[in-house]
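One line per chain: the protein sequences are R and P, in this order.
The first sequence runs 0 to 405 under numbering that gives the first Met the number 0.
The second sequence runs 0 to 152 under numbering that gives the first Met the number 0.
The C-beta atom is built at its ideal place from N, Cα and C for all residues, glycine as well.
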Amino acid sequence: MNRRDFNNKFSLSTIGSFLGIHFISGHLLSAKQLPVHLQDPDPYKMFGKDKNMVLLNDRPWNMEARAHLLNDAITPNKYMFIRNNGKIPQNIDIKNWSLTLDGESVKTKKTYSLNELKSRFEHHTYQLTLECGGNGRSEFDPPAKGNQWSVGAVSCAEWTGIRLKDVLKDVGLEDSAVYIGYHAADTHLSGDPTKEPISRGVPIAKAMQDETLLAFKMNGKDIPLAHGYPLRLVCGGWPASASGKWINRISVRNKVHDGAKMGGSSYRVPCETVAPGAKVSDENMCIIQSMPIKSLITYPKTGAILPLGKSLSIKGHAWAGELEVAKMEYSINFGSTWASCSLKNPPNRLAWQHFDAKIRFPKKGYYEVWARATDSHGIGQPMVLPGWNPKGYLNNACHRIAVKVV
Amino acid sequence: MSEVFRKQVKRLMGMLTIFMFLIILFLGGLIYFQNHPEKLYLNAPEEELVEISEQIDDKIENGIHVRTGFVADEGMDLVIQNCTSCHSSKLVTQNRMSKEGWEATILWMQETQNLWDLGANQDVITAYLAKNYGPVAKGRRQNLKDIDWYPLK
């Protein structure tokens, strides 16, 4: 018998269970106790991800793309970032999966089976941009706590489902409704069954948008397990944490939802801007709503070497949270001059927009191609880091790639 | 009479021989299992695998604990014990914080994430973290690093 087995067999929890006491520490939990499908040492195979994706964390699972992997117009699963707060639910019983609508502000509590949701409400398909609130966190100074995302925690997949507003109308809301909060089947890292890893939500106005979906398909197929199978709330343009995965309950609240990761410094930034490293009290933190204007050069991969005289085609996407991208520019001289890119309209609201440009370099040398998007309100991306915040959210600084002309 | 006596002696001798043989077998067995304790269990192949993984568990290469990726330094064992039960070591090693920052993080985990009281170990843990995973100044924007140059076709 090895030490770990001994620990498992004679841990406090076990002794506790003999005595009828529940120890919630679970600090002797080991990888051995994970079910086989989550024990697979190869997360790329397990989640169907490309080998070039970057694994940030394996408990909980967090993985991001690199800029050049995101070149597709519609992000395929293999290049879609994974952001988990808790443990992925196991043994999903699709036949008995249901969604309960409850909370202070529903007329009556109602439960729908998954089949009922699919058959009773009209289906809609949208391309929706989902970006982690902490995308770009790794650049903040002083460093911000959490998974150190670089640029790849963003995707724009095609989501199919029913409108949340259709379900909310079917349930009937009281006038007091101000917010919805989701609850889901994922479990807390500590093993404590009474704790939710994350339970966030959006104001009623966002919940009632046409594009806010209860989705059951991603890119035309069942949603992959890591992305919320069998039911995911999708609130495009907002921090992706608002798009709850594996959801089984939505509470309609008469106040701002107070679930896990709605308070403190989680997905909140100082209401008034602060100096880097400042301490901010809870009451001075405000919930992030729409994500800011941002763009990514997805072609070529950084590090391209090309001969003088050959032009360079660049491609990428830009997105603007709730808004549209109005203008896309690039610079090869660190912002001294900007030239415009051609920019496509979005196929639907909240989808990222594609841009491209053809660049001619005047002479040999080291260059950086910087990309800058401007939204429909005239707000552009900063070239340096935007305002510091304790958890390092909302870094929408211009993306750039290195190029050598020889 | 003497015939009976001789028979009894013979039987006694036989029993003693068997007894001695059993003792030798028992001692031999003890020595064998002393050297091969895993053979005591029926699931021997699994135990062998575990033994290997236990060795890997403690392996340190170039100052890095191989299994977890932690910098090998005073306090690492406490960090492994207390900080990797719920989440991966990767969540620790990718972060950079001052002692104060690590303390605030521990407090947050105690208040919201079921982390237990670290007692006297807390100082050792935060000292280890601040020393090996302390903040590095980055400024408002860093140079592009680790560029993998390639000819564009």
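What in chain P is Cβ-close to ARG399 (chain R), meaning under 8 Å? Neighbours of ARG399 (chain R) on chain P, chain order: LEU143.
Can you confirm whether GLN109 (chain P), when its beta carbon is compared against all beta carbons of chain R, has any partner nearer than 8 Å? Taking 8 Å as the CB threshold, GLN109 (chain P) stays off the interface with chain R.
Span of the beta strand (DSSP E) around TYR181 (chain R): TYR181 (chain R) -> beta strand (DSSP E) spans 178 to 183.
When you check each C-beta in the region 332 to 347 of chain R against every C-beta of chain P, which residues fall closer than 7 Å? From the region 332 to 347 of chain R, no residue has a Cβ closer than 7 Å to chain P.
C-alpha gap between LEU33 (chain R) and ARG66 (chain P), whole angstroms: Bear in mind that a pLDDT of 45 at LEU33 (chain R), under 50, signals an unreliable position, so the number given afterwards is only what the model happens to contain. The alpha-carbon of LEU33 (chain R) is positioned some 17 Å away from that of ARG66 (chain P).
Kindly say whether PRO44 (chain P), judged by its beta-carbon, lies nearer than 8 Å to any beta-carbon of chain R. Unreliable placement is indicated for PRO44 (chain P), whose pLDDT of 44 sits below 50; no coordinate value is reported for it.
Measuring alpha carbon to alpha carbon, tell me which residue in R:PHE333, R:SER112, R:GLU195 and R:LEU224 is nearest ILE87 (chain R). Measuring from the Cα of ILE87 (chain R), the nearest candidate turns out to be R:LEU224.
Need the endpoints of the beta strand (DSSP E) that PRO202 (chain R) sits in, please. PRO202 (chain R) -> beta strand (DSSP E) spans 200 to 202.
Can you give me the start and stop residues for the beta strand (DSSP E) that MET217 (chain R) sits inside? MET217 (chain R) -> beta strand (DSSP E) spans 212 to 217.
Thinking just about the alpha-carbon of each residue, which of R:ALA204, R:GLY200, R:LYS403 and R:ILE222 is nearest to the one in SER240 (chain R)? Of the listed residues, the one whose Cα sits closest to SER240 (chain R) is R:GLY200.
Would you list, in chain order, the members of the region 71 to 95 of chain P that have their beta-carbon closer than 7 Å to a beta-carbon of chain R? Answer set for the region 71 to 95 of chain P: SER84, CYS85, HIS86, SER87, LYS89, LEU90, GLN93, ASN94 and ARG95.
Which residue comes first and which comes last in the alpha helix (DSSP H) that contains ASP165 (chain R)? First-last of the alpha helix (DSSP H) with ASP165 (chain R): 163 to 170.
Any idea if GLY364 (chain R) is buried or exposed, counting beta-carbon neighbours within 10 angstroms, 16 or more meaning buried? With fewer than 16 other Cβ atoms from the protein chains shown falling within 10 Å of its own Cβ, GLY364 (chain R) counts as exposed.
Would you say the region 244 to 262 of chain R touches the region 174 to 188 of chain R, given that touching needs at least three Cβ pairs under 8 Å? At 8 Å Cβ cutoff, the stretches touch.
Can you name the residues of chain P whose CB is closer than 9 Å to the CB of THR297 (chain R)? What THR297 (chain R) touches in chain P: nothing, since even the nearest Cβ is about 14 Å away.
To the nearest angstrom, how far is the alpha carbon of ALA338 (chain R) from that of TYR329 (chain R)? Taking the straight line from one Cα to the other gives about 5 Å.
Just to check my reading of the structure: ALA396 (chain R) and PRO385 (chain R) have Cβ atoms closer than 8 Å, yes? What is that Cβ distance to the nearest angstrom? Right, the Cβ-Cβ distance comes to about 6 Å (below 8 Å), so this counts as a contact.
Put ALA72 (chain R) into one of helix, strand or coil per three-state DSSP. Note: ALA72 (chain R) maps to coil in three-state DSSP.
Judging by CA-CA distance, which residue of R:PRO141, R:TRP387, R:VAL324 and R:ASP71 is the nearest neighbour of THR272 (chain R)? Closest in alpha carbon position to THR272 (chain R), among R:PRO141, R:TRP387, R:VAL324 and R:ASP71, is R:TRP387.
Which runs of the beta strand (DSSP E), 3 residues or longer, sit entirely within the region 226 to 310 of chain R? If we require 3 residues or more, the beta strand (DSSP E) runs fully inside the region 226 to 310 of chain R come out as 231 to 233, 246 to 252, 267 to 269, 284 to 286, 293 to 298 and 303 to 305.
Compare the beta carbon distance of VAL324 (chain R) and ALA372 (chain R) with 8 Å and say whether it is the shorter of the two. Closer than 8 Å, so yes.
Would DSSP call CYS82 (chain P) helix, strand or coil? Secondary structure at CYS82 (chain P): helix, using DSSP grouped into helix, strand and coil.
I'd like to know if LEU55 (chain R) contacts chain P, where contact means its C-beta is closer than 8 Å to some C-beta of that chain. Cβ-Cβ to chain P under 8 Å: yes for LEU55 (chain R).
Rounded to a whole number of angstroms, what is the C-alpha to C-alpha distance between ILE93 (chain R) and ARG162 (chain R)? A direct Cα-to-Cα measurement between ILE93 (chain R) and ARG162 (chain R) gives close to 20 Å.
Neighbourhood of VAL123 (chain P) by C-beta distance below 8 Å, restricted to the same chain and skipping five residues each side: Excluding residues within five positions, the ones whose Cβ falls inside 8 Å are GLU73, GLY74 and LEU77.
Measure how close the beta-carbons of ASN94 (chain P) and PRO142 (chain R) come, nearest whole angstrom, since I'm counting them as under 8 Å. The Cβ separation is near 7 Å, so the contact holds.
Where LEU15 (chain P) falls, given that 16 or more other Cβ within 10 Å makes a residue buried: By the neighbour-count criterion, in which a residue is buried when 16 or more other Cβ atoms sit within 10 angstroms of its Cβ, LEU15 (chain P) is exposed.
Check GLU328 (chain R) in the structure and name its three-state DSSP category. The answer is strand: DSSP assigns GLU328 (chain R) an E or B state.
Is any beta-carbon of chain P found at less than 8 Å from that of ALA317 (chain R)? The C-beta of ALA317 (chain R) comes no closer than 8 Å to any C-beta of chain P.
Cβ neighbours of LYS300 (chain R) in the same chain (closer than 7 Å, five flanking residues each side left out): HIS67.
Using the C-alpha atoms, what's the distance from VAL405 (chain R) back to ALA156 (chain R)? For ALA156 (chain R) and VAL405 (chain R), the distance between alpha carbons rounds to 38 Å.
Which chain C residues are close to SER189 (chain R), counting only those with a beta carbon under 7 Å from its beta carbon? Structure shown: chain C not included; protein chains present are R and P.
On the three-state DSSP scale, how would you describe GLY315 (chain R)? Under the three-state reduction of DSSP output, GLY315 (chain R) falls in the strand class.
May I have the straight-line CA-CA distance separating MET12 (chain P) from LEU29 (chain P), to the nearest angstrom? Here the C-alpha atom of MET12 (chain P) lies approximately 25 Å from the C-alpha atom of LEU29 (chain P).
Looking at the structure shown, is HIS26 (chain R) part of a helix, part of a strand, or coil, going by DSSP? Because the pLDDT of HIS26 (chain R) is 36, which lies under 50, any placement of that residue in the model is unreliable, and the question is left without a value.
For LEU24 (chain P) and chain R, any beta-carbon pair shorter than 8 Å? Interface flag for LEU24 (chain P) against chain R is unset, since no Cβ pair is found closer than 8 Å.
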